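*Asks:* Here you go, one structure.
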Amino acid sequence: MKEEKNSDYLIIENLVKYFGDDRAVDGISFAISEGKFLTLLGPSGCGKTTTLMCIAGLHKPDSGEIRVGGKSFTSLNENIFLEPEKRDIGMVFQSYAIWPHMTVEKNISYPLEIRNFESSEIEDRVMEVARLVGLDDMVGKDATQLSGGQQQRAALARAIVCNPSLLLFDEPLSNLDLKLRERMRLELKRIQNEVGITSVYVTHDQAEALVMSDDIIVMSKGKIEQSGGPHSIYARPVNRYVSNFIGVANLLKGKISSVSKTGLSEINISQDGKNILMPCVLDDKKFREGDNAVLSIRPENVYALREKPEGTAIEGEVIQTVFLGNYIDCRVQWGKFEWKVQAHPRERLKKGDHVYIRLDSNHSMAVLP
Amino acid sequence: MKNTTTTIQPNIEPQSRWRGYITTENIVTSLTSLIIFVAIILPLFWLVVSSFEVLDDMGFDTEWGLGNYYEVFQGRVIRKAFFNTLMISTGTTVLATFLGVLLAWINARTNCPWRDKIEPFNLIPFFLSPFVGAIAWHNLAAPKVGFLNNIARAIFGIESHIMNVDNIFGVIWVTGIFFTPLVYLFVVGSLRRMDPSLEDSARTTGASLFRTTMSVTLPLVTPAILSGAIIVFVTSAGEFGVPFKLGAPYGWDTLTTQIYSKAVGDDANHYLGAAMSMTLAAITGVLIWIQRRIIAPREYTTVTGKGFRPNTIDLGRWKWVALGVNLFYIFVAVVLPLICLLIVSFHPVWEGRIIPADLTLWNYKKILFFWSPESIGIATRGIINSFILAFSGATIAMILSILISYMIHRTKGFGSTMLDFLCVIPIGFPGIVLAMGVLVTYIKTPIYATLGILLVGYITRFFPYGQRNISSIMLAISEELDQSSRMAGASWLTTLRRITIPLLKPGIFAGWILLFVIFLRELSISIILYSVGTETLSVGVLYLADFEGDPLTAALAIVQTIILLGCIVLFRKVAGKEALTA
Chain E
408 MKEEKNSDYL
418 IIENLVKYFG
428 DDRAVDGISF
438 AISEGKFLTL
448 LGPSGCGKTT
458 TLMCIAGLHK
468 PDSGEIRVGG
478 KSFTSLNENI
488 FLEPEKRDIG
498 MVFQSYAIWP
508 HMTVEKNISY
518 PLEIRNFESS
528 EIEDRVMEVA
538 RLVGLDDMVG
548 KDATQLSGGQ
558 QQRAALARAI
568 VCNPSLLLFD
578 EPLSNLDLKL
588 RERMRLELKR
598 IQNEVGITSV
608 YVTHDQAEAL
618 VMSDDIIVMS
628 KGKIEQSGGP
638 HSIYARPVNR
648 YVSNFIGVAN
658 LLKGKISSVS
668 KTGLSEINIS
678 QDGKNILMPC
688 VLDDKKFREG
698 DNAVLSIRPE
708 NVYALREKPE
718 GTAIEGEVIQ
728 TVFLGNYIDC
738 RVQWGKFEWK
748 VQAHPRERLK
758 KGDHVYIRLD
768 SNHSMAVLP
Chain Y
4 MKNTTTTIQP
14 NIEPQSRWRG
24 YITTENIVTS
34 LTSLIIFVAI
44 ILPLFWLVVS
54 SFEVLDDMGF
64 DTEWGLGNYY
74 EVFQGRVIRK
84 AFFNTLMIST
94 GTTVLATFLG
104 VLLAWINART
114 NCPWRDKIEP
124 FNLIPFFLSP
134 FVGAIAWHNL
144 AAPKVGFLNN
154 IARAIFGIES
164 HIMNVDNIFG
174 VIWVTGIFFT
184 PLVYLFVVGS
194 LRRMDPSLED
204 SARTTGASLF
214 RTTMSVTLPL
224 VTPAILSGAI
234 IVFVTSAGEF
244 GVPFKLGAPY
254 GWDTLTTQIY
264 SKAVGDDANH
274 YLGAAMSMTL
284 AAITGVLIWI
294 QRRIIAPREY
304 TTVTGKGFRP
314 NTIDLGRWKW
324 VALGVNLFYI
334 FVAVVLPLIC
344 LLIVSFHPVW
354 EGRIIPADLT
364 LWNYKKILFF
374 WSPESIGIAT
384 RGIINSFILA
394 FSGATIAMIL
404 SILISYMIHR
414 TKGFGSTMLD
424 FLCVIPIGFP
434 GIVLAMGVLV
444 TYIKTPIYAT
454 LGILLVGYIT
464 RFFPYGQRNI
474 SSIMLAISEE
484 LDQSSRMAGA
494 SWLTTLRRIT
504 IPLLKPGIFA
514 GWILLFVIFL
524 RELSISIILY
534 SVGTETLSVG
544 VLYLADFEGD
554 PLTAALAIVQ
564 TIILLGCIVL
574 FRKVAGKEAL
584 TA
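Sequences listed follow chains E and Y, in order. Residue 408 is where the first sequence starts when you use the numbering used here, and the numbers rise one by one after that. Residue 4 is where the second sequence starts when you use the numbering used here, and the numbers rise one by one after that.
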């Protein structure tokens, strides 16, 4: 029973938001459990930020419902629209939105002052969150003296200082440099874990999504393409779009030639006038024989071998190798198709080498085109 | 992710259908919109109506028709005034824009020496009255009594004069140098707020300093330049004082001087005045419309929440030329006119020469010592009235400006578009035109012949100046700064009070000072709407110029100027350096 209630902490139902005639958010629904970290992932213009703004109450949706912890924030059917300040949400903006006319301390304490906390308690809370985000020696400074990363931390401190019911992030790391971004990913995740506030995070950076999230929703053109945990989204993409957007994939068009309920099915790939049957995994996708499909294989599940393996042989020529330390990013030309292969450095593949491609059929996914 | 419909319930407060719309935000903004709408539309409506009423030959009855417009385009005098207006405005705009952009660039972007000391002086002409400038330049360069001409005759022994400002060129010259700061203010703010890396990146592509300035800097501030230029055009088309002093008496009438004579002269004809006003407003209105079309899509958000340090360009030896240009401007626009007025004001009678034996303070006694029986009431009253009007007018107008800017930039939909449009209208209508509208609208209400009608006229005409000041900053401030306050739990009003307004503070101060000063020296609205007892400072100056001699006029002009200069000094202290340059 408790589990049941938990899994519906934030509920979005049939959310629609127009900008002019443009359906920015096109009837999406999802829910997350309390304390979880959900990421809305997609390219710019996919509706992820608009969705976030609707949750925040900064945009009023055209239809749909938003509920948090059993409380209705927005329900167009019942004419409920809670003002943003009444939603008890902490939010970190893309530009951090640190108020330049205040000190760091004033920035962080603002939500507490609004809620009329005692000044001694304000001081304690501010120091506590400042320590949590690693800004304890900066609180007396003017906001304008902070670096980008520090502004980021201050914005986070301000968002969590009064223990909101929900934490929203609008691409908060996109203005930071790579090193800092990678560090802040883990830091943000650590802090979110520590405070345990349910979070919705918007980003276009798939690495960020994979590192930080409990759940990922991949969006495109205002609709949800796929939702699930980072691992399943990466390993079991449902369609070509998700497969291509998350990580790197070899994508080959084909037709399903045989469907197996228990083992591996087969897909018919036609390449340069030749037809090759390849084993693949269908998952629970409802493919029938003859359906159009796309074969999706991650580069780490593709092997470039010098000796001819058993079964169907795919012959190619190495056209590019990039040494990346722990592996070699290798391109193998096969007719018109270019295989992306992650090879082990000890294979010592060189440009011009003649190789055979072998696929790990347990990770060869047939996905929707 | 399933079974999402069952577990809702608890804290849902029942809400009536309309409750969502009755928020503080909506109430305040709707009320403000209504006030603005009525204040702007009503006078214009009555102006349009009256312009189609034709006065019959007897001057008693009117009938509907296009006679007034026929008179405007076919009548010899008015048609000439029409073309004079166009020529003066064009000339003024060219002069003021050239000087304004040049000076703004020198002060904001170069290493011109002592620019931090000089900068405040560039703005002084803007705070002074162009009408006073015209009086000063008349005293300086009228062919016979002009001080400079007299000096030239004494030095070179020539018979005639070396310069003459009692003509269209004099009008352009004085209006141009006095409106230069309008362009300057627009452009200098834009230049200061510009991200210097935009210029730096152009330099790194190999573009020279000159090329960078032409291809990056200027295009980026083009909206500001165009705004400034159009404001200058519209303002000079509606300028009354300068042509009244330097043009009209010498055969160079403009539409404004003609409107004035139709409004209060012996051959008063409000209906013909309204038609002339409409013609003038049509030109300026179209211009403002063009400005919106060109500028609106080109508004750049040049700042974000992050701070920028504008960098300066090393001019090398040219910096001394830049300094020279700047000093020359200050000399002709401020120093020379003021010295001349001071000298004149110490003489009982002015004949174009300094007579040391006659120097006296008598003139100042007559216009300042209101308790003395010899004082001139219209001058002393004017000082007090103008202070009352300027203080209350600027305060009310700025409150309206903040609310309106907020609505335009932070709310969406039809309301904000309409407001944005409404705020442009008064800019498109010269003061004297709007004053005609206000006159015909409120003539039968109790506020007629009180300071109230002047206040309404002032605010209606000039609040967009304050509003633009705020809007430009609001455009530059990320909306996320407001939104994050709402997310922190602050209501709309609290956010306005604690975040929006403090962030806008430089703009609010700048706008308030702008309006205070504009109101303190306002002439073209006052001249139409004043009555006995509600004269303003500038009306006093005009009265003295008409009915008393140059020295008394100069004395009151100096008093007005000193008050205005005092305001600048005072507010620079109160508001800090930001206020005048933001």
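Even for Gly, the Cβ is constructed at its ideal location relative to N, Cα and C. Since the model is a prediction, treat every value here as computed from it, not as a measurement.
Are the CB atoms of residue 167 (chain Y) and residue 144 (chain Y) nearer to each other than 8 Å?
*Replies:* To locate residue 167 (chain Y), count along the second sequence from 1; it is residue 164. To locate residue 144 (chain Y), count along the second sequence from 1; it is residue 141. Closer than 8 Å, so yes.
*Asks:* Please list, in chain order, all residues of the same chain as residue 59 (chain Y) whose beta carbon is under 8 Å from its beta carbon, the five residues on each side excluded.
*Replies:* Numbered from 1 along the second sequence, position 56 holds the residue referred to as residue 59 (chain Y). Here the set comprises 65 and 66.
*Asks:* Closest to residue 411 (chain Y) by CA distance: which of Y:378, Y:76, Y:477 and Y:434 is it?
*Replies:* The residue labelled residue 411 (chain Y) in the question sits at position 408 within the second sequence. Taking only the C-alpha atoms, the option nearest residue 411 (chain Y) is Y:477.
*Asks:* From residue 744 (chain E) to residue 444 (chain E), what does the alpha carbon distance come to, in whole angstroms?
*Replies:* Sequence index remark: in the first sequence, residue 744 (chain E) carries index 337 (1-based). Sequence index remark: in the first sequence, residue 444 (chain E) carries index 37 (1-based). Cα to Cα, residue 744 (chain E) sits roughly 38 Å from residue 444 (chain E).
*Asks:* Against residue 144 (chain Y), what residues of chain E qualify as contacts under a CB-to-CB distance less than 7 Å, listed in chain order?
*Replies:* The count along the second sequence starts at 1 and reaches residue 144 (chain Y) at position 141. The premise fails here: residue 144 (chain Y) is roughly 49 Å from chain E at the closest Cβ pair, so nothing lies under 7 Å.
*Asks:* I need the boundaries of the alpha helix (DSSP H) containing residue 656 (chain E), first residue and last residue.
*Replies:* Here the question's residue 656 (chain E) lines up with position 249 in the first sequence. Per DSSP, residue 656 (chain E) belongs to no alpha helix (DSSP H) and is neither H nor E.
*Asks:* Does the beta-carbon of residue 363 (chain Y) have 16 or more other beta-carbons within 10 angstroms, so that it is buried, or is it exposed?
*Replies:* To locate residue 363 (chain Y), count along the second sequence from 1; it is residue 360. Classification for residue 363 (chain Y): exposed.
*Asks:* Tell me which residues share the same chain as residue 495 (chain Y) and place their Cβ nearer than 8 Å to its Cβ, disregarding the 5 neighbours each side in the sequence.
*Replies:* As a working mapping, residue 495 (chain Y) is identified with position 492 in the second sequence. Correct list, in chain order: 26, 27, 28 and 489.
*Asks:* Assuming contact is defined by CB atoms lying nearer than 8 Å, are residue 496 (chain E) and residue 550 (chain E) in contact in what I supplied?
*Replies:* Within the first sequence, the letter at position 89 stands for residue 496 (chain E). Within the first sequence, the letter at position 143 stands for residue 550 (chain E). Result no, Cβ atoms of residue 496 (chain E) and residue 550 (chain E) do not sit closer than 8 Å.
*Asks:* Under the assumption that residue 675 (chain E) contacts residue 775 (chain E) (Cβ atoms under 8 Å), give the Cβ distance between them as a whole number of angstroms.
*Replies:* Against the first sequence, residue 675 (chain E) aligns to sequence position 268. Against the first sequence, residue 775 (chain E) aligns to sequence position 368. So it is not a contact: roughly 16 Å between Cβ atoms.
*Asks:* Taking only beta carbons into account, state which residues of the stretch 498 to 529 of chain Y come closer than 7 Å to chain E, listed in chain order.
*Replies:* Under the 7 Å Cβ criterion, the stretch 498 to 529 of chain Y contributes 502, 505 and 506.
*Asks:* Does any C-beta atom of chain Y lie closer than 8 Å to the C-beta of residue 462 (chain E)?
*Replies:* By 1-based counting over the first sequence, the position of residue 462 (chain E) is 55. So, not an interface residue.
*Asks:* Using a 10 Å radius around the Cβ and a threshold of 16 neighbouring Cβ atoms, would you call residue 274 (chain Y) buried or exposed?
*Replies:* Taking the first residue of the second sequence as position 1, residue 274 (chain Y) is located at position 271. Burial call: buried.
*Asks:* Can you check whether the CB of residue 43 (chain Y) is closer than 8 Å to the CB of residue 433 (chain Y)?
*Replies:* Looking up residue 433 (chain Y) in the second sequence gives position 430. Looking up residue 43 (chain Y) in the second sequence gives position 40. Against a cut-off of 8 Å, the Cβ pair of residue 43 (chain Y) and residue 433 (chain Y) comes out as no contact.
*Asks:* Give the secondary structure of residue 800 (chain E) by DSSP, where H, G and I count as helix, E and B as strand, and everything else as coil.
*Replies:* This structure cannot settle anything about residue 800 (chain E), because the visible part of chain E is limited to 408 through 776.
*Asks:* Would you report the Cα separation of residue 217 (chain Y) and residue 124 (chain Y), rounded to the nearest angstrom?
*Replies:* Counting from one through the second sequence, the residue named residue 217 (chain Y) turns up at place 214. Counting from one through the second sequence, the residue named residue 124 (chain Y) turns up at place 121. The straight-line gap from Cα to Cα measures roughly 26 Å.
*Asks:* Which of the residues in the stretch 512 to 530 of chain E, read from start to end, lie with their CB under 7 Å from any CB of chain Y?
*Replies:* Within the stretch 512 to 530 of chain E, the qualifying residues are 517, 518, 521 and 522.
*Asks:* Distance check for residue 408 (chain Y) and residue 306 (chain Y), CA to CA, integer angstroms please.
*Replies:* The sequence position of residue 306 (chain Y) within the second sequence is 303, counting from 1. The sequence position of residue 408 (chain Y) within the second sequence is 405, counting from 1. Only weak support is given to the placement of residue 306 (chain Y): the predicted model assigns it a pLDDT of 42, under 50, and the value that follows is read from those uncertain coordinates. Distance between the alpha carbons of residue 306 (chain Y) and residue 408 (chain Y): 18 Å.
*Asks:* Going by C-alpha distance, which of Y:369, Y:390 and Y:389 is nearest residue 380 (chain Y)?
*Replies:* As a working note, residue 380 (chain Y) is residue 377 in the second sequence. The option with the nearest alpha carbon to residue 380 (chain Y) is Y:369.
*Asks:* Among E:726, E:590 and E:660, whose alpha-carbon lies nearest the alpha-carbon of residue 739 (chain E)?
*Replies:* On the first sequence, position 332 is the one that residue 739 (chain E) refers to. Checked all of E:726, E:590 and E:660; the closest Cα to residue 739 (chain E) is E:726.
*Asks:* Return the CA-CA distance between residue 449 (chain E) and residue 455 (chain E), expressed in angstroms with no decimal places.
*Replies:* On the first sequence, position 42 is the one that residue 449 (chain E) refers to. On the first sequence, position 48 is the one that residue 455 (chain E) refers to. Between residue 449 (chain E) and residue 455 (chain E), the C-alpha separation is close to 7 Å.
*Asks:* Can you give me, in chain order, the residues of the stretch 383 to 411 of chain Y that have a beta carbon less than 7 Å from any beta carbon in chain E?
*Replies:* Residues: none.
*Asks:* Could you pull the start and end residues of the beta strand (DSSP E) that residue 737 (chain E) belongs to?
*Replies:* Counted from its first residue, the first sequence places residue 737 (chain E) at position 330. 735 to 741 is the span of the beta strand (DSSP E), which, as asked, contains residue 737 (chain E).
*Asks:* Counting pairs of beta carbons, one from the stretch 85 to 94 of chain Y and one from the stretch 254 to 263 of chain Y, are three or more of them closer than 8 Å?
*Replies:* Touching, yes.
*Asks:* If you check the beta carbons only, do residue 490 (chain E) and residue 481 (chain E) fall under 8 Å apart?
*Replies:* In the first sequence, the residue the question calls residue 490 (chain E) occupies position 83. In the first sequence, the residue the question calls residue 481 (chain E) occupies position 74. No, these two residues do not count as a Cβ contact at 8 Å.
*Asks:* If the cut is a Cβ gap below 9 Å, which residues of chain E does residue 204 (chain Y) touch?
*Replies:* Your numbering for residue 204 (chain Y) matches position 201 in the second sequence. What residue 204 (chain Y) touches in chain E: nothing, since even the nearest Cβ is about 18 Å away.
*Asks:* Determine, using beta-carbon pairs with one atom in the stretch 378 to 392 of chain Y and one in the stretch 529 to 544 of chain Y, whether at least three such pairs fall under 8 Å.
*Replies:* Result yes; three or more Cβ-Cβ pairs closer than 8 Å.
*Asks:* Find the nearest neighbour of residue 148 (chain Y) within the set Y:63, Y:321 and Y:352, judged by alpha-carbon distance.
*Replies:* In the second sequence, counting from the first residue as 1, residue 148 (chain Y) sits at position 145. The candidate whose alpha carbon is nearest that of residue 148 (chain Y) is Y:352.
*Asks:* Does DSSP classify residue 498 (chain E) as helix, strand or coil?
*Replies:* Indexing the first sequence from 1 puts residue 498 (chain E) at position 91. Strand.
*Asks:* If contacts are defined as beta-carbon pairs under 8 Å, then residue 224 (chain Y) and residue 190 (chain Y) qualify, I think. What distance do you get, rounded to the angstrom?
*Replies:* Position 221 of the second sequence holds residue 224 (chain Y). Position 187 of the second sequence holds residue 190 (chain Y). That pair is a contact at about 5 Å.
*Asks:* Take the Cβ of residue 771 (chain E) as the centre, count every other Cβ of all protein chains shown within 10 Å, and call the residue buried at 16 or more, exposed below.
*Replies:* As a working note, residue 771 (chain E) is residue 364 in the first sequence. Answer is buried; the Cβ neighbour count reaches 16.
*Asks:* In this structure, how does DSSP classify residue 726 (chain E) when only helix, strand and coil are distinguished?
*Replies:* Your numbering for residue 726 (chain E) matches position 319 in the first sequence. Note: residue 726 (chain E) maps to strand in three-state DSSP.
*Asks:* Looking only at DSSP bridge pairs, what is residue 430 (chain E) linked to?
*Replies:* Numbered from its first residue, the first sequence carries residue 430 (chain E) at position 23. Note: residue 430 (chain E) sits in a beta bridge opposite E:425.
*Asks:* Rounded to whole angstroms, what is the Cα-Cα separation between residue 525 (chain E) and residue 636 (chain E)?
*Replies:* Stepping through the first sequence from its first residue, residue 525 (chain E) is reached at position 118. Stepping through the first sequence from its first residue, residue 636 (chain E) is reached at position 229. Their backbone Cα atoms lie some 42 Å apart in a straight line.
*Asks:* Checking contacts by CB at 8 Å: is residue 450 (chain E) closer than that to chain Y?
*Replies:* Indexing the first sequence from 1 puts residue 450 (chain E) at position 43. Output row for residue 450 (chain E): interface = no.
*Asks:* Let me confirm a value: residue 73 (chain Y) is counted as buried when at least 16 other C-beta atoms fall within 10 Å, else exposed. Which label applies?
*Replies:* Taking the second sequence and counting its residues from 1, one reaches residue 73 (chain Y) at position 70. By the neighbour-count rule (16 or more Cβ atoms within 10 Å), residue 73 (chain Y) is not buried but exposed.
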